[in-house]
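Engineer:
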Amino acid sequence: MQLQTALFIEPAEEIFARIFREYRPRTPLAGVDLAFKRYANANSAIAWRDSRLAVKLSDLWQGAPAPVVEALAHILIAKMFRKAPPADASTAYRRWLNRKEVRHTMQLVKQTRGRKYVSGPAGKAWNLETIFGELNGKYFGNLMARPDLGWSRRPSRTTLGHYDPSHHAIILSSLLDDPAVSRLAVEYVLYHEMLHLKHPVDHRAARRRVHTRPFRDEEKLFEGLAEAKEALKRLCASAHSHYWSA
Ligand SMILES: [Zn+2]
18 MQLQTALFIE PAEEIFARIF REYRPRTPLA GVDLAFKRYA NANSAIAWRD
68 SRLAVKLSDL WQGAPAPVVE ALAHILIAKM FRKAPPADAS TAYRRWLNRK
118 EVRHTMQLVK QTRGRKYVSG PAGKAWNLET IFGELNGKYF GNLMARPDLG
168 WSRRPSRTTL GHYDPSHHAI ILSSLLDDPA VSRLAVEYVL YHEMLHLKHP
218 VDHRAARRRV HTRPFRDEEK LFEGLAEAKE ALKRLCASAH SHYWSA
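First residue of the sequence shown? That's 18 in this note's numbering, and the numbers climb one at a time after it.
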């Protein structure tokens, strides 16, 4: 019985080999080394070494249906060759990640595996608890329950702040915990993350909508927005216009 069903299921290694040949029909492929890793998220990585494809996938992909693995193979291999993956592959990939049970599993895995570092709100220069209290009063009518607040371990230039729903924590880049950084800039990054608490990500859309229209409208209410953005731009001169991961 098992043998019979196995015939109908294409192993992930063969899927990756087949998609590779679509992109590089004349390049000899000696084999595919596929390993599932216990990551805290749906991460995956691919590398080309000595005519072999080395693929590392989060074990969250282990139970994924073959068409979803095929979509993932397209995305990873296209990325490796700096090409855009076919649109239907991207759609299938996102649809699967957005499925309720998949999101639920990911949330659980993140909670149990991801050791979240929360330093506490008091930094060297700025206290996030104080600033949170002020912003809560000024913009949220004191209605927002305080999440965990902390500074990132490493001073990230590309992610100045993020809200982590699975740990209910707002983490700001420790790059901002500096007396040389204006308080207004810190306030703005924290305000932006507080808006993420207020406007949860819309998972129903095939493409996750992170900064929705109401989100952006409310962001404009921040007093000194232009000045704060300018300060952050100077701070992250090397980074591009995308300051937040979410
Ligand atoms: Zn954001």
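A virtual CB, placed ideally from N, CA and C, is assigned to each residue, including glycine.
Quantities reported herein were computed from a predicted structural model and do not represent experimental measurements.
Pull up the distance between the alpha-carbon of Leu242 and that of Ser68, whole angstroms please.
Structural biologist: In the sequence shown, counting from the first residue as 1, residue 242 sits at position 225. In the sequence shown, counting from the first residue as 1, residue 68 sits at position 51. Near 52 angstroms, if we compare the C-alpha coordinates of Ser68 and Leu242.
Engineer: Please report the distance separating the alpha-carbon of Phe149 from that of Arg120.
Structural biologist: For the purposes of this step, residue 149 is taken as residue 132 along the sequence shown, with counting starting at 1. For the purposes of this step, residue 120 is taken as residue 103 along the sequence shown, with counting starting at 1. Distance between the alpha carbons of Phe149 and Arg120 is about 29 angstroms.
Engineer: Expressed to the nearest angstrom, what Euclidean distance is found between the alpha-carbon atoms of Trp168 and Leu177?
Structural biologist: Here residue 168 refers to the residue found at position 151 of the sequence shown. Here residue 177 refers to the residue found at position 160 of the sequence shown. Trp168 and Leu177: Cα-Cα distance of roughly 10 angstroms.
Engineer: Where does Arg251 land, buried or exposed, given buried means 16+ other C-beta within 10 angstroms?
Structural biologist: Counting from one through the sequence shown, the residue named residue 251 turns up at place 234. When all chains shown are included, Arg251 counts as exposed.
Engineer: CA-CA distance, Lys73 and Arg171?
Structural biologist: Indexing the sequence shown from 1 puts residue 73 at position 56. Indexing the sequence shown from 1 puts residue 171 at position 154. Their Cα atoms are separated by approximately 25 angstroms.
Engineer: Excluding sequence positions up to five away, which residues of its chain have a Cβ less than 7 angstroms from the Cβ of Ala88?
Structural biologist: As a position in the sequence shown, residue 88 is number 71, starting the count at 1. Hits under 7 angstroms: Ala106, Ala109 and Tyr110.
Engineer: Return yes when at least one heavy atom of ligand 1 lies under 7 angstroms from the C-beta of Val227, else no.
Structural biologist: For this step, residue 227 is matched to residue 210 along the sequence shown. Within the cutoff, so yes.
Engineer: Under a three-way DSSP split, which group does Leu214 fall into?
Structural biologist: Along the sequence shown, read from residue 1 onward, the residue named residue 214 stands at position 197. Note: Leu214 maps to helix in three-state DSSP.
Engineer: Measuring alpha carbon to alpha carbon, tell me which of Val227, Met211 and Glu210 ends up nearest Val218.
Structural biologist: Here residue 218 refers to the residue found at position 201 of the sequence shown. Of the candidates Val227, Met211 and Glu210, the one whose C-alpha sits nearest the C-alpha of Val218 is Val227.
Engineer: Less than 6 angstroms between C-beta atoms, sequence neighbours within five positions excluded: which residues of the same chain meet that for Phe53?
Structural biologist: Your numbering for residue 53 matches position 36 in the sequence shown. Contacts found: Leu74, Asp76 and Gln79.
Engineer: Among the residues of its own chain, which have a CB less than 6 angstroms from the CB of Ile63, if the five just before and after it don't count?
Structural biologist: As a position in the sequence shown, residue 63 is number 46, starting the count at 1. If we look at Ile63 and ignore the five residues flanking it on each side, its Cβ neighbours are Val72, Leu93 and Met97.
Engineer: How would you call Tyr40, buried or exposed, if buried means at least 16 neighbouring beta carbons within 10 angstroms?
Structural biologist: As a first step, residue 40 must be located in the sequence shown, where it is residue number 23. Counting Cβ neighbours within 10 Å, Tyr40 comes out exposed, since fewer than 16 surround it.
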